[in-house]
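The block underneath contains the structure these notes are about, expressed in structure tokens.
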Amino acid sequence: IITVDDILDVMEEEATEDIYRLAGTSEVRGVELINASVLNISGKRLPWLIVSLMGGFFSGSVIGVFEETLQAVVVLAIFIPVIMDMGGNVGSQSSTVFVRGLATGEIEADEVWRYFFREVRVGITMGIVCGLMVGISAFLWQQSPYLGVIVAVAMLSTVTLAAIIGTLIPLFFWKMGADPAISAGPFVTTIKDVTGLLIYFYIATIFIDKLL
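Heads up, the sequence shown is in my numbering, so the first residue is 846 and it goes up one at a time.
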């Protein structure tokens, strides 16, 4: 006899597994969380942290390429965390909602591309709002219209791209027959950071003469 409690237990286990995968880790099977050893837990978490670490090296190399631009206009560094954080938040939102939609069946196989293009429009909308806010703030703070334009366009581009990446990468894994949840964290974050920095500094390089 299958009771309601049995069904609820299975649902809880499935939800817990999804949450772990979205975080780029997994539970230690057969062991309660509180009793799992340090080595077992570390072994489950480290692989995806290493992926993130490699992504950090790539992001650092991007900054190194544009070192002269950053040295010429130091104020550009102030807005790096703002743009990266917003891109990260949007990417996480997009990937989490998409992966969960696939897992629960809310997004059917024949609906994934319609959902993807809607998410692109959502990213553009959020990018415009966030870009205007940070661009106006930069202009009022530094009294530089060109800095405002650079930051606004970079924010618009990064947020839009983060929404695209946050949906496209899990979609790619799903199409390949792999679990899309494993890509939700490290891969999305790594690609988003590298592309976001490239966009930001490339735009800044174009307007560098106006900022000096």
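Every residue gets a Cβ at the ideal spot worked out from N, C-alpha and C, and that includes glycine.
Check	Outcome
I'd like the list of long-range same chain contacts for I928, defined as Cβ closer than 7 Å, with 5 residues on each side in sequence excluded.	A999, M1000, T1003, G1041 and Y1045
Measuring alpha carbon to alpha carbon, tell me which of G888, V910 and L894 ends up nearest T1050.	V910
Enumerate, from N- to C-terminal direction, the unbroken alpha helix (DSSP H) stretches of 4 or more residues contained entirely within the region 915-968.	925-949
Which same chain residues, not among the five before or five after D1038, have their C-beta less than 7 Å away from its C-beta?	G900, S904 and M929
Is it right to say M931 is buried, meaning 16 or more other beta carbons lie within 10 angstroms of its own, or is it exposed?	buried
Between the alpha carbons of A1008 and G993, how many angstroms are there, rounded?	23 Å
Which of the three DSSP states, helix, strand or coil, is assigned to S897?	helix
Name the two residues that bound the continuous alpha helix (DSSP H) containing A1023.	No alpha helix (DSSP H) contains A1023, which DSSP labels as neither H nor E.
DSSP state of L992, grouped into three classes?	helix
Could you check what DSSP says for S882 in three-state terms: helix, strand or coil?	coil
Measure the C-alpha to C-alpha separation of I1036 and S940 and round it to an integer number of angstroms.	13 Å
To the nearest angstrom, how far is the alpha carbon of P926 from that of V996?	12 Å
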